[in-house]
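Asker:
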Amino acid sequence: MNPKFKQTIILFTEVIIPDLRNNTSLEYAFIKNFKQMINGLEPESADKIKLLVKVIDKLSLVYNFKTFEQLTYKQRTRYIDRLFDFPIGKIVGGLTGLRSIVMISYYGIEDVWKSIRYDGPVNAQIQ
Numbered sequence: 323m324n325p326k327f328k329q330t331i332i333l334f335t336e337v338i339i340p341d342l343r344n345n346t347s348l349e350y351a352f353i354k355n356f357k358q359m360i361n362g363l364e365p366e367s368a369d370k371i372k373l374l375v376k377v378i379d380k381l382s383l384v385y386n387f388k389t390f391e392q393l394t395y396k397q398r399t400r401y402i403d404r405l406f407d408f409p410i411g412k413i414v415g416g417l418t419g420l421r422s423i424v425m426i427s428y429y430g431i432e433d434v435w436k437s438i439r440y441d442g443p444v445n446a447q448i449q
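With our numbering applied, the sequence shown corresponds to residues 323 to 449, in that order.
Here it is in structure tokens:
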């Protein structure tokens, strides 16, 4: 995973799931899960996710006159909220899909299960 892509994903995820913010141990587990999710997609879908992440960064220059990484947390939050109202449906649909992948990747971390009182998958409990 290229460092720019990884950084943008982490910053996007911090907006979607604030508990990840400034939590390096969860960040590592999240990135591991996220990579698995992306690698499990059809190559064309994975490429679209990568392109969307580039669009998030480049549109930040248009909207904010700064790269996505240069924005404060509050500015990133406002910007991402604004993108979910973007006039092009494919962008909004892509963001919705990316948000889903982010949430699955985050809530797939076993350490997070304790905080949400989840005992793990049923089949893991039976064994």
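For glycine and all other residues, C-beta sits at the position ideal for the given N, C-alpha and C. Predicted, not measured: the structure shown is a model, and the values here were computed from it.
1) Taking the alpha carbon of Y350 as the point to measure from, which residue in S427, T389 and V377 has its own alpha carbon closest?
2) Suppose you measure from the CA of V384 to the CA of R398; what does that come to, to the nearest Å?
3) Pull up the distance between the alpha-carbon of T330 and that of Y440, whole angstroms please.
4) Determine the direct distance from the alpha carbon of R400 to that of L417, and round the result to whole angstroms.
5) Look at the Cβ atom of L348, then the Cβ atom of L342, and state whether they are nearer than 7 Å.
6) How about V434 and I338: are their beta carbons less than 7 Å apart?
7) Kindly list the residues whose CB is nearer than 8 Å to the CB of K326, restricted to its own chain and excluding five residues on each side of it in sequence; keep chain order.
Answerer: Reading off the structure:
1) When C-alpha distances from Y350 are compared across S427, T389 and V377, the shortest belongs to S427.
2) Here the alpha carbons of R398 and V384 stand approximately 13 Å from one another.
3) When rounded, the distance between both Cα atoms is 29 Å.
4) Taking the straight line from one Cα to the other gives about 14 Å.
5) A Cβ-Cβ contact shorter than 7 Å links L348 with L342.
6) Their beta carbons are not under 7 Å apart, which means V434 does not touch I338 by this criterion.
7) Excluding five sequence positions before and after K326, the CB atoms of its chain that fall closer than 8 Å to its own CB belong to D379, given in chain order.
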